[in-house]
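*Asks:* Let me begin by handing over the structure; questions about it come next.
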Amino acid sequence: MIFNFLLQINVKGLTGDIKFDHHGFRSDFKLKVLELTYDGLREAGEWNIHTGLNMTNNYTRAAEEIIQSLKNKTLIATTIINAPYTMLKENHESLEGNDKYEGYCIDLLREIAKTIGFHFKIKQVDDSKYGERNDQGEWNGMIKELIDGRADIAIADLTITFQREQAVDFTMPFMNLGISILFRKPTKKVPKLFSFLSPLSLEVWVYMATAFLGVSLFLFIVARFSPYEWTNPHPCDPSPDVLQNQFTLLNTLWFTVGCLMQQGCELTPRALSTRVVACIWWFFTLIMVSSYTANLAAFLTVERLVSPIEGAEDLAKQSHIQYGCVDSGATQTFFKESSIPTFKRMWAFMQSARPSVFTESNAKGVERVKKENYAFLMESTSIEYIVERECDLMQIGGLLDNKGYGVATPSGSPYRTPLSSAILKLQESGALHILKERWWKQRLGGGKCSKDETSTAGSASALSLANVGGVFVVLGAGLLAACIVAVVEFVWKSRKVDSEEREPLCVLFCRELRFAIFCGGSTKPILPKHSPDDRQPPENGLPFMPLTGFSSVTTKDNFS
Numbered sequence: 218m219i220f221n222f223l224l225q226i227n228v229k230g231l232t233g234d235i236k237f238d239h240h241g242f243r244s245d246f247k248l249k250v251l252e253l254t255y256d257g258l259r260e261a262g263e264w265n266i267h268t269g270l271n272m273t274n275n276y277t278r279a280a281e282e283i284i285q286s287l288k289n290k291t292l293i294a295t296t297i298i299n300a301p302y303t304m305l306k307e308n309h310e311s312l313e314g315n316d317k318y319e320g321y322c323i324d325l326l327r328e329i330a331k332t333i334g335f336h337f338k339i340k341q342v343d344d345s346k347y348g349e350r351n352d353q354g355e356w357n358g359m360i361k362e363l364i365d366g367r368a369d370i371a372i373a374d375l376t377i378t379f380q381r382e383q384a385v386d387f388t389m390p391f392m393n394l395g396i397s398i399l400f401r402k403p404t405k406k407v408p409k410l411f412s413f414l415s416p417l418s419l420e421v422w423v424y425m426a427t428a429f430l431g432v433s434l435f436l437f438i439v440a441r442f443s444p445y446e447w448t449n450p451h452p453c454d455p456s457p458d459v460l461q462n463q464f465t466l467l468n469t470l471w472f473t474v475g476c477l478m479q480q481g482c483e484l485t486p487r488a489l490s491t492r493v494v495a496c497i498w499w500f501f502t503l504i505m506v507s508s509y510t511a512n513l514a515a516f517l518t519v520e521r522l523v524s525p526i527e528g529a530e531d532l533a534k535q536s537h538i539q540y541g542c543v544d545s546g547a548t549q550t551f552f553k554e555s556s557i558p559t560f561k562r563m564w565a566f567m568q569s570a571r572p573s574v575f576t577e578s579n580a581k582g583v584e585r586v587k588k589e590n591y592a593f594l595m596e597s598t599s600i601e602y603i604v605e606r607e608c609d610l611m612q613i614g615g616l617l618d619n620k621g622y623g624v625a626t627p628s629g630s631p632y633r634t635p636l637s638s639a640i641l642k643l644q645e646s647g648a649l650h651i652l653k654e655r656w657w658k659q660r661l662g663g664g665k666c667s668k669d670e671t672s673t674a675g676s677a678s679a680l681s682l683a684n685v686g687g688v689f690v691v692l693g694a695g696l697l698a699a700c701i702v703a704v705v706e707f708v709w710k711s712r713k714v715d716s717e718e719r720e721p722l723c724v725l726f727c728r729e730l731r732f733a734i735f736c737g738g739s740t741k742p743i744l745p746k747h748s749p750d751d752r753q754p755p756e757n758g759l760p761f762m763p764l765t766g767f768s769s770v771t772t773k774d775n776f777s
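Residue numbers (this note's numbering): 218 to 777.
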């Protein structure tokens, strides 16, 4: 009777009509959802038995509530030591709390906290890892600390990846970057001794020598063939017995050499045919000498630094240069999960390499690059920071991928939206650019290498002895050859002197050499062929020089 009576009851209550179905369950009622705010309880939605929960809360108002909830709240921020993002100060042992740390991420966190109005406490990650999931699905590093609730946010050079996004939430990226290669700068190649021959290839030099000999022989034949090159050796004699040609074989070689060296010669062609040959040879030497001079300037002043690798393809094709990345980082995950053949080969090489090519941190990777034949794969922004300070290192190739650094929060955290808004505000105001300039180029020795390159980029490097040493060698060899030829000429001339007048060769040689060294003037005496005493020096004190070959009887017949 009581049950039947209850089924008939229909009373208005705070939750709507109070009535029961035939099973005794209450039916057709709804509940209001209330939210506790700074202003007290406020209706946020309703629930009924037919449609379930229906939230009617305003999103803008909810975001404002989240920001209000962050006011004066202290968040635990986990991070990892890696310059210039997060670093320990030099006197960190005497400091406590947040004062021990400095860096780009520390300044960024301060700017975000100032914008939103919260406080923070920095905590170093326990295992010094960024965060990677193993085969059992367990995470390590900063990601694990967020999942376990030991930190509210993670701020570092933490890359936004698909796997990490499944475990935690990321804000919008505060820095965009990609994977690149850090390697040693190639050493300057020592110039060869005969580097002045480099502007022309060996083939061209052979062709030039052939052209020189060919033109000389051709000019010699044409000059002997042309009647206009045969002249009277004695212009005062109108009826000479013989004619003379100035283009002997040696004179022809001297003419072509003088033209090739752009110095000219005392010989000038008279016939039209020989003049045509001379003109075309002058044109040839003009082009060749100008080309050689222009190319020589580039070869001697421009330093060519050739790197053994130019990108990831070159790394994958060789095995004598080791390469690796940070262990348990986003770079390692990129190569591990990549489906591109080149990157798959690189991952297989890195896995099988012994000793291991993976490093605990970027700093240890940089040390390996400086000391070993090793290339380090890391984020481009970190490479920019390093090459600003380590002038013997450089970035190889472009970016292998595109990604960004973001602030990580636990999954479903209400803090992600206000943090993203604060980062966007700092980006639009230029604060992020100022922070990067400060820590990349201004602080801790930044900009040293870029200044050195700028100061030397506008001027050509001075030539050292290594660049032009071969020219001095050629000069010395030429002078030595001239000495040998002079001695041969002396000996040859001495053999033509009459045996009655000839002195020992050594005596003649020493006498001529002494006369030449002591600068006895531009004239020297000669001895008559029938002198009673060829040993006596003349009255002027000059020694007798028998190799002149001239007679002292200077009559009119001699001049004629």
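Ideal Cβ positions, reconstructed from N, Cα and C, are used throughout, including at glycine.
Smallest Cα separation from Ala547: which of Thr502, Leu722, Asn265, Leu394?
*Replies:* For this step, residue 547 is matched to residue 330 along the sequence shown. When each option's Cα is compared against that of Ala547, the closest is Leu394.
*Asks:* For the alpha helix (DSSP H) containing Asn393, name the first residue and the last one.
*Replies:* To locate residue 393, count along the sequence shown from 1; it is residue 176. It is not in any alpha helix (DSSP H) - Asn393 instead sits in the beta strand (DSSP E) that spans 392-394.
*Asks:* Helix, strand or coil: which one does DSSP assign to Ala533?
*Replies:* Within the sequence shown, numbered from 1, the residue matching residue 533 stands at position 316. Residue state, collapsed to three classes: helix.
*Asks:* With three or more beta-carbon pairs closer than 8 Å as the criterion, would you say the region 453-461 touches the region 388-404?
*Replies:* Contact fails: fewer than three Cβ-Cβ distances are below 8 Å.
*Asks:* Is it the case that the Cβ atoms of Val604 and Asn579 are separated by a distance below 8 Å?
*Replies:* As a first step, residue 604 is located in the sequence shown; it is residue number 387 there, counting from the start. As a first step, residue 579 is located in the sequence shown; it is residue number 362 there, counting from the start. Contact flag unset, no.
*Asks:* Whose C-alpha, out of Glu382, Glu252, Gly475, Glu362, is nearest the C-alpha of Gly621?
*Replies:* Along the sequence shown, one-based indexing puts residue 621 at 404. The shortest Cα separation from Gly621 among Glu382, Glu252, Gly475, Glu362 belongs to Glu382.
*Asks:* Exposed or buried, what is Asn590 when buried is set at 16 or more other beta-carbons lying within 10 Å of its beta-carbon?
*Replies:* Numbered from its first residue, the sequence shown carries residue 590 at position 373. Exposed.
*Asks:* Is Val583 near Phe593, with beta carbons less than 8 Å apart?
*Replies:* The count along the sequence shown starts at 1 and reaches residue 583 at position 366. The count along the sequence shown starts at 1 and reaches residue 593 at position 376. A contact, by the Cβ cut-off of 8 Å.
*Asks:* Near Thr376, which residues of its chain fall below 7 Å by C-beta distance, leaving aside the five closest residues on each side in sequence?
*Replies:* Counting from 1 along the sequence shown, the entry for residue 376 is found at position 159. Around Thr376: Ala547, Lys620, Tyr622.
*Asks:* Could you give the DSSP three-state label for Arg731: helix, strand or coil?
*Replies:* Mapped onto the sequence shown, residue 731 falls at position 514. In the structure shown, Arg731 sits in a helix (DSSP, three-state: H, G or I).
*Asks:* Does the distance from the CB of Phe429 to the CB of Leu477 come in under 8 Å?
*Replies:* On the sequence shown, position 212 is the one that residue 429 refers to. On the sequence shown, position 260 is the one that residue 477 refers to. Result yes, Cβ atoms of Phe429 and Leu477 sit closer than 8 Å.
*Asks:* Would you list the residues sitting across from Glu260 in a DSSP beta bridge?
*Replies:* Indexing the sequence shown from 1 puts residue 260 at position 43. Partner(s): Leu251.
*Asks:* Return the first residue and the last residue of the alpha helix (DSSP H) that Asn351 is part of.
*Replies:* Numbered from 1 along the sequence shown, position 134 holds the residue referred to as residue 351. Neither: Asn351 is in no alpha helix (DSSP H) and is coded neither H nor E.
*Asks:* Using a Cβ-Cβ cutoff of less than 6 Å, which residues in the same chain neighbour Asn315 once the five nearest sequence positions on both sides are dropped?
*Replies:* Within the sequence shown, the letter at position 98 stands for residue 315. Result list for Asn315: Ile339, in chain order.
*Asks:* Looking only at C-alpha atoms, which of Lys361, Val432, Thr404 sits nearest to Lys346?
*Replies:* Taking the sequence shown and counting its residues from 1, the one referred to as residue 346 is at position 129. If we check each option's Cα against that of Lys346, Lys361 comes out closest.
*Asks:* Please list, in chain order, all residues of the same chain as Asn598 whose beta carbon is under 7 Å from its beta carbon, the five residues on each side excluded.
*Replies:* Along the sequence shown, one-based indexing puts residue 598 at 381. According to the sequence as given, residue 598 is Thr; it is not Asn. Cβ within range, chain order: Met392, Leu394.
*Asks:* State yes or no: is the C-beta of Leu436 within less than 8 Å of the C-beta of Thr465?
*Replies:* For the purposes of this step, residue 436 is taken as the residue at position 219 of the sequence shown. For the purposes of this step, residue 465 is taken as the residue at position 248 of the sequence shown. Not a contact, by the Cβ cut-off of 8 Å.
*Asks:* Let me check one thing: in DSSP terms, what residues is Lys713 bridge-paired to?
*Replies:* Numbered from its first residue, the sequence shown carries residue 713 at position 496. In DSSP, Lys713 forms no bridge with anything.
*Asks:* For the region 328-337 and the region 246-258, state whether three or more C-beta atom pairs, one from each stretch, are separated by less than 8 Å.
*Replies:* They do not touch, by the three-pair rule.
*Asks:* Run through DSSP, which three-state label would Met218 get?
*Replies:* Here residue 218 corresponds to residue number 1 of the sequence shown, with the count starting at 1. If DSSP states are grouped into helix, strand and coil, Met218 belongs with coil.
*Asks:* When we look at the beta-carbon of Met615 and count the other beta-carbons within 10 Å, is it buried (16 or more) or exposed?
*Replies:* Start at 1 with the first residue of the sequence shown, and residue 615 comes out as number 398. Reading off the sequence, residue 615 comes out as Gly, not Met. Gly615 comes out exposed.
*Asks:* Using the beta-carbon count (16 or more within 10 Å), is Phe560 buried or exposed?
*Replies:* By one-based count along the sequence shown, residue 560 stands at place 343. Phe560 is buried by the Cβ-count criterion.
*Asks:* Nearest to Glu596 by CA position, among Leu641, Lys587, Ile613, is which residue?
*Replies:* Against the sequence shown, residue 596 aligns to sequence position 379. Of the listed residues, the one whose Cα sits closest to Glu596 is Ile613.
*Asks:* Could you work out which residue in Gly693, Leu730, His451 is closest to Val704 when comparing CA atoms only?
*Replies:* Counting from one through the sequence shown, the residue named residue 704 turns up at place 487. It is Leu730 whose Cα lies nearest to the Cα of Val704.
*Asks:* Going by other Cβ atoms of all chains shown within 10 Å of its Cβ, with 16 needed for buried, is Ser433 buried or exposed?
*Replies:* Your numbering for residue 433 matches position 216 in the sequence shown. Under this definition Ser433 is a buried residue.
*Asks:* Alpha carbon to alpha carbon, what distance is there between Ile640 and Trp356?
*Replies:* One-based indexing of the sequence shown puts residue 356 at position 139. One-based indexing of the sequence shown puts residue 640 at position 423. Using only the alpha carbons, I get a separation of about 27 Å.
*Asks:* Can you check DSSP and say which residues form a bridge with Gln539?
*Replies:* Here residue 539 is taken as the residue at index 322 of the sequence shown, counted from 1. DSSP output for Gln539 lists Tyr591 as bridge partner(s).
*Asks:* Residue ranges of each beta strand (DSSP E) run of no fewer than 3 residues wholly in the region 390-457, ordered along the chain?
*Replies:* Segments of the beta strand (DSSP E) lying fully in the region 390-457: 392-394, 396-401.
*Asks:* Measure the beta-carbon distance from Ile323 to Val624 and round it to whole angstroms, keeping in mind my assumption that it falls under 8 Å.
*Replies:* In the sequence shown, residue 323 corresponds to position 106, counting from 1. In the sequence shown, residue 624 corresponds to position 407, counting from 1. About 13 Å separates the two Cβ atoms, so there is no contact after all.
*Asks:* Nearest to Ile438 by CA position, among Lys236, Val494, Phe707, is which residue?
*Replies:* On the sequence shown, position 221 is the one that residue 438 refers to. Taking only the C-alpha atoms, the option nearest Ile438 is Val494.
*Asks:* Determine the direct distance from the alpha carbon of Trp656 to that of Pro390, and round the result to whole angstroms.
*Replies:* Here residue 390 is taken as the residue at index 173 of the sequence shown, counted from 1. Here residue 656 is taken as the residue at index 439 of the sequence shown, counted from 1. So the alpha carbons of these two residues sit roughly 18 Å apart.
*Asks:* Rank His267, Arg401, Glu263 by C-alpha distance to the C-alpha of Thr273 and give the top, closest one.
*Replies:* Sequence index remark: in the sequence shown, residue 273 carries index 56 (1-based). It is Glu263.
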